[in-house]
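Please read the structure below before turning to the comments.
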Amino acid sequence: MTRKLAPGRLVIASHNQGKVREIGDLLAPFGIETVSAGALGLPEPPETGTSFIANAELKAREAADLSGLPALADDSGLCVEALRGEPGIFSARWAGEDKDFGMAMRLVHEAMEKAGPDAGHDAHFICALSLAWPDGHIESFEGRVDGLIVWPPRGTKGFGYDPIFQPIGRNQTFGEIEPDEKHAMSHRADAFRQLVAACF
């Protein structure tokens, strides 16, 4: 039996301001007051899981445990077919200590060049969402959006790898699409629809 989340405060277990803002926007209609793990001074736990859901659960559990509030964690990443699914769960790590996604996008482009033109440009974003309560209960959901890798990067509206990801059926990248439109079609939106249906 899935558990419903009552209106009130919810910790977003992330230090990524782009992600915190996007999740806050998606939760606003439900009377949820979001506060980021960074604003509460909570540490970022090492992501030692071997899947998106494992990492999301690890982050949600720690934030709920340390804050005494329900916590929502997201683990998401870009999976490129030509790179056998990389960067995948290591998407943030490709950006290095300084979270330099300009560098991360160049690394993806260079790796794809090495893979050769026959490897194609197919890619998808995955988002795992885990909602944890301080008593240890947890609910997890996974969303996906398919697209193509483009080069050079285009647009400044998104964050992370958005400027090189063009969703199927569109001629704009996530970096060029207005945030409201992206919210309606992204991997995070897909996972959110599942979360809302189950827990709100």
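Residue -10 is where the sequence shown starts when you use our numbering, and the numbers rise one by one after that.
The beta carbon of each residue, even a glycine, is placed where N, CA and C say it ideally should be.
Sub-7 Å separation of residue i and residue j beta-carbons
| i | j | result |
| --- | --- | --- |
| Thr23 | Leu31 | no |
| Gly57 | Pro(-4) | no |
| His110 | Leu137 | yes |
| Gly164 | Gly144 | yes |
| Trp140 | His98 | yes |
| Lys(-7) | Cys188 | yes |
| Asp179 | Gly132 | yes |
Cutoff 7 Å; reference residue i; Cβ partners in own chain excluding five residues on either side
| i | result |
| --- | --- |
| Ala45 | Ala62, Asp63, Asp64, Ala117, Leu118, Ser119, Ser129 |
| Leu29 | Val0, Ser56 |
| Glu232 | The displayed coordinates of the chain run from -10 to 189. Any statement about residue 232 would go beyond what the structure contains. |
| Arg(-2) | Glu22, Val24, Leu58 |
| Pro168 | Lys146 |
| Ala100 | Leu72 |
Neighbourhood of residue i by C-beta distance below 6 Å, restricted to the same chain and skipping five residues each side
| i | result |
| --- | --- |
| Phe181 | Leu15 |
| Val225 | Only positions -10 to 189 of the chain appear in the structure, and residue 225 is not among them; the question remains open. |
| Gly108 | For clarity, residue 108 is Ala in the given sequence; the question names Gly instead. Excluding sequence neighbours, Ala108 sits near Ala71. |
| Trp83 | Pro76, Ala93, Leu96 |
| Pro142 | Met94, Pro152, Ile153 |
| Ala121 | Ala49, Arg50, Ala53, Ala60, Ile127 |
| Ile12 | Ile1 |
| Gln183 | Phe130 |
| Gly20 | Pro(-4) |
Proximity test, residue i beta-carbon vs the ligand MG heavy atom, cut-off 6 Å
| i | result |
| --- | --- |
| Gly57 | The ligand content of the structure shown is nil, which means the ligand MG is not present either. |
8 Å CB neighbourhood of residue i in its chain, flanking five on each side removed
| i | result |
| --- | --- |
| Ile78 | Glu36, Gly38, Thr39, Ser40, Phe41, Asn44, Asp64, Gly66 |
| Gly74 | Cys68 |
| Val(-9) | The question names Val, but residue -9 in the sequence shown is Thr. For Thr(-9), where only same-chain residues beyond five positions count, the Cβ hits under 8 Å are Glu128, Ala187, Cys188. |
is_contact[residue i, chain C] using C-beta, thresh 7 Å
| i | result |
| --- | --- |
| Gly105 | Given the protein chain composition of this structure (a single chain), no chain C is represented. |
Residues bridged to residue i (per DSSP)
| i | result |
| --- | --- |
| Gly(-3) | Ile21 |
Would you check if there are 3 or more beta carbon pairs closer than 8 Å linking the region 147 to 166 to the region 92 to 99?
-> With a cut-off of 8 Å, the region 92 to 99 and the region 147 to 166 count as touching, because enough Cβ pairs lie within range.
Should the region 33 to 51 be regarded as contacting the region -7 to 7, the criterion being three or more beta carbon pairs within less than 8 Å?
-> Flag = yes, the region 33 to 51 and the region -7 to 7 touch.
Counting only runs that start and end within the region 94 to 182, where is the beta strand (DSSP E) found for 3 or more residues in a row?
-> The region 94 to 182 contains, as complete beta strand (DSSP E) runs of 3+ residues, the segments 111 to 121, 127 to 138, 154 to 156 (chain order).
Can you list the alpha helix (DSSP H) stretches of 4 or more residues lying completely in the region 23 to 106, in chain order?
-> Those alpha helix (DSSP H) runs which fall completely within the region 23 to 106 and span 4+ residues are 41 to 56, 90 to 104.
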